[in-house]
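Colleague: Handing you a structure now.
Protein chains: 2
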Amino acid sequence: MSAKVRLYVDHPLGAGQTVPLDRDQAHYLFGVMRLSVGARVALFNGRDGEWQAEVAEAGKRGGVLACLDQSKPLQLPPDLWLIFAPIKKARTDFIVEKAAEMGAARILPVATEFTNSERIRQDRLQAHAVEAAEQCGGTYVPEVAELQKLPSMLDHWPAERQLMFCDEAEVGQRLFLDVAQVEGSAGAAGPWAILIGPEGGFSDAERKRLHAMPQAHVVSLGPRILRADTAAVAALTLWQQRLGDW
Amino acid sequence: MSAKVRLYVDHPLGAGQTVPLDRDQAHYLFGVMRLSVGARVALFNGRDGEWQAEVAEAGKRGGVLACLDQSKPLQLPPDLWLIFAPIKKARTDFIVEKAAEMGAARILPVATEFTNSERIRQDRLQAHAVEAAEQCGGTYVPEVAELQKLPSMLDHWPAERQLMFCDEAEVGQRLFLDVAQVEGSAGAAGPWAILIGPEGGFSDAERKRLHAMPQAHVVSLGPRILRADTAAVAALTLWQQRLGDW
């Protein structure tokens, strides 16, 4: 019988490997999920795929799981970054969750001129990415980066990374995906990033700089204005089905 | 100067038309948004496009707006239904909001065998659809239907309406969109519906019945399991960019 509980652990996984549990993990497995010795748990660590494990010891403050068999190989997502400007707390959480479900490899919060929220809790967002990976059956957890300023990110932009840039000013332009032009070309196979603008839009200076980048591909997401969290899922869908692992 | 506030009103709009405000609307415009006589408001009613209006009278319990010029024609979305099984309150709200932003014409909550939530507040969900339309610049508000049972919905399924059916059991099958096969054919131009399964998945009986429908097109949404709200946006994106108004 396959495990119903999936847990991310920061520990090597392999045949015969035992995995010690910390207090929070023990509370979740034995307190909340009411598992006892002998119960099955699916484990992943972002490196060794998914393993079925058995509860070997269960306590209030800790416990031990014993790895049995590998149930999934490691499946790395495509080399895709999701870059977004933080918004209200609940919606920022949603963007991180959605990016993990949709298969982004890295999640990068960025401060733009019109970004309202100048701070993020990186540790809390990283925990959301872990939880989303546990839920969606993935074997990989995207890294959530610390907040950076957009100009400094662009100063250090990797030459080979293509950028799908969702410009609110293009709403209703029916411009659609010139990404299609990249399909089959060198750019298609290489690394990519998707940039979702802030709710206030980009400034003129930002827009000018982005449009001037040789890696930039401007994309319109239909005739209605999408909220940032909706736009993130829509852009990830377009990218994944054309260039990604769907 | 174009109005910053967009308001849905259930009242005819046209040149010279005046629009009375109820207590809630007056509270929002004059209390929350602090507009006064002479201020601009953008109005839409789902039928007459978007109109710029001016505050003619402002009071605590009501007020009057006067229509000036039409600023957008009515833009009806494609004839697309979004059908989904209600989940936790916040995520159900999100699905309705996303469906309105993404341009669904009707939103139909459906109870399946494994649906957790057997009740919805139709009026509250309809209010969410209105708010999303106000935010996204649309001139149309999708109707939120009352909760129906899936078998009874399928008993009365319109013969000409194609159904894009997102089956969790297809995750990782890379089946992708046989909707592509419909492109350019008669089915592409006709009415459509997207059905998002409940978090517990469809029952075997439900799956069998859906697969047997001549209108059904099974779609996989990539190798990870998506939450229902993520799946709704992803499916709407695929549909809109292939067959819709993007």
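Sequences listed follow chains A and B, in order.
Here the first sequence is numbered in our numbering, starting from 22 and rising by one per residue.
Here the second sequence is numbered in our numbering, starting from 22 and rising by one per residue.
No residue lacks a Cβ here, since even glycine has one placed at the ideal position from N, Cα and C.
Computed from a predicted structure; not experimentally measured.
With 8 Å set as the bound, which would you pick, yes or no: does the beta-carbon of A/K25 sit closer than that to a beta-carbon of chain B?
Modeller: Cβ-Cβ to chain B under 8 Å: no for A/K25.
Colleague: Could you check whether the Cβ of A/P219 sits closer than 8 Å to any Cβ belonging to chain B?
Modeller: Output row for A/P219: interface = no.
Colleague: Work out the CA separation of B/G59 and B/E75 for me, nearest whole Å.
Modeller: One C-alpha to the other measures close to 5 Å.
Colleague: Alpha carbon to alpha carbon, how far is B/D250 from B/T258? Give it in angstroms, no decimals.
Modeller: If I take the Cα positions, the gap works out to 13 Å.
Colleague: So who's on the other strand from B/I104, going by DSSP bridges?
Modeller: BP columns for B/I104 point to B/L129 and B/L216.
Colleague: For B/P219, which residues of its own chain have a beta-carbon under 6 Å away from its beta-carbon, when the five flanking residues on both sides are left out?
Modeller: Excluding residues within five positions, the ones whose Cβ falls inside 6 Å are A106, T133, F135 and T136.
Colleague: In chain B, what lies closer than 7 Å to A/C187 by C-beta?
Modeller: In chain order: nothing, as chain B lies at least about 12 Å away.
Colleague: Can you tell me whether B/G124 is buried or exposed, with buried defined as 16 or more other CB within 10 angstroms of its CB?
Modeller: The residue is buried, with at least 16 neighbouring Cβ atoms inside 10 Å.
Colleague: What does a CB cutoff of less than 6 Å around B/L101 pick up in its chain, not counting 5 residues either side in sequence?
Modeller: Correct list, in chain order: A125, A126 and W213.
Colleague: Can you tell me the Cα-Cα spacing of B/K229 and A/A253, whole angstroms?
Modeller: Distance between the alpha carbons of B/K229 and A/A253: 33 Å.
Colleague: Does the beta carbon of A/P3 sit closer than 8 Å to a beta carbon anywhere in chain B?
Modeller: Beyond the ends of chain A as shown, which are 22 and 267, falls residue 3 of chain A; an answer cannot be given.
Colleague: Is A/H232 buried or exposed, if buried means 16 or more other CB atoms sit within 10 Å of its CB?
Modeller: Exposed.
Colleague: Following the continuous alpha helix (DSSP H) through B/P172, name the residue where it begins and the one where it ends.
Modeller: Where B/P172 is concerned, the enclosing alpha helix (DSSP H) stretches over L171 to D176.
Colleague: Comparing alpha-carbon positions, which option in A/E152, A/G211 and A/V165 lies nearest A/E181?
Modeller: Closest by alpha carbon: A/G211.
Colleague: On the CB-based measure, 16 or more other CB atoms within 10 Å of its CB, does B/P98 come out buried or exposed?
Modeller: Buried, by the Cβ-count rule.
Colleague: Identify the contact partners of A/Q73 in chain B, using a Cβ-Cβ distance below 8 Å as the criterion.
Modeller: Ordered by position in chain B, no residue passes the 8 Å Cβ test against A/Q73, which lies about 18 Å from the chain.
Colleague: Could you have a look at B/G84 and say whether DSSP puts it in helix, strand or coil?
Modeller: B/G84: strand per DSSP, three-state reduction.
Colleague: In the structure shown, what three-state DSSP assignment does B/A255 receive?
Modeller: Helix at B/A255.
Colleague: What does the alpha-carbon distance come out to for the pair A/G52 and A/E122?
Modeller: So the two alpha carbons sit approximately 27 Å from each other.
Colleague: If we cut at 8 Å on Cβ distances, does A/K119 have a partner in chain B?
Modeller: Interface residue, yes.
Colleague: So that I know if they touch, is there some Cβ in chain C lying closer than 8 Å to that of B/E152?
Modeller: Structure shown: chain C not included; protein chains present are A and B.
Colleague: Return the residues of the stretch 242 to 263 of chain B that lie within a Cβ-Cβ distance of less than 7 Å from chain A, sorted by chain order.
Modeller: Those residues of the stretch 242 to 263 of chain B that come within reach of chain A (Cβ to Cβ, closer than 7 Å) are G243, P244, R245, I246, L247, R248, T251, V254, A255, T258, L259, Q261 and Q262.
Colleague: Can you tell me whether A/E139 is buried or exposed, with buried defined as 16 or more other CB within 10 angstroms of its CB?
Modeller: Result: exposed.
Colleague: Identify every run of the beta strand (DSSP E) within the stretch 28 to 62 of chain A, keeping only runs that are complete inside it and at least 3 residues long; order them along the chain.
Modeller: Qualifying beta strand (DSSP E) stretches, in chain order: 39 to 42.
Colleague: Looking at the C-beta of A/V267, does it have a partner C-beta in chain B at a distance below 8 Å?
Modeller: Contrary to the premise, residue 267 of chain A reads as Trp rather than Val in this sequence. It does; some Cβ of chain B falls within 8 Å.
Colleague: Need the endpoints of the beta strand (DSSP E) that A/L184 sits in, please.
Modeller: It spans Q183 to C187 - the beta strand (DSSP E) in which A/L184 sits, taken as one unbroken run.
Colleague: Are there three or more Cβ pairs, one per stretch, closer than 8 Å when the stretch 112 to 121 of chain A is compared with the stretch 143 to 160 of chain A?
Modeller: The answer is yes - the stretch 143 to 160 of chain A touches the stretch 112 to 121 of chain A, with three or more Cβ pairs under 8 Å.
Colleague: I think A/K93 touches A/E71, with their Cβ atoms under 8 Å apart; what is that distance to the nearest whole Å?
Modeller: Indeed they touch by this definition, with Cβ atoms about 4 Å apart.
Colleague: Is it the case that the Cβ atoms of B/A24 and B/R61 are separated by a distance below 8 Å?
Modeller: It is a contact, given that the beta carbons lie within the stated cut-off.
Colleague: Does any residue of chain A have a CB that is nearer than 8 Å to the CB of B/M123?
Modeller: For B/M123, the answer is yes, since a Cβ of chain A falls inside 8 Å of its Cβ.
Colleague: Cβ of A/G84 less than 8 Å from any chain B Cβ?
Modeller: No, because no Cβ of chain B sits closer than 8 Å to the Cβ of A/G84.
Colleague: Does A/G158 get closer than 8 Å to chain B when you measure Cβ to Cβ?
Modeller: Answer yes: the Cβ-Cβ gap between A/G158 and chain B drops below 8 Å somewhere.
Colleague: Our contact map puts B/L168 next to B/A237 with C-beta atoms below 8 Å; I'd like the distance itself, whole angstroms only.
Modeller: Not quite, the Cβ-Cβ distance comes to about 22 Å (not below 8 Å), so this is no contact.
Colleague: Could you tell me the distance, in whole angstroms, from the CA atom of A/F197 to the CA atom of A/G222?
Modeller: Its pLDDT being 46, under 50, A/F197 is placed unreliably in this model, and the value from its coordinates should be taken loosely. One C-alpha to the other measures close to 18 Å.
Colleague: On the CB-based measure, 16 or more other CB atoms within 10 Å of its CB, does A/P163 come out buried or exposed?
Modeller: Label assigned to A/P163: buried.
Colleague: Name the DSSP beta bridge partners of B/L64, please?
Modeller: DSSP lists B/L28 and B/W72 as partners of B/L64.
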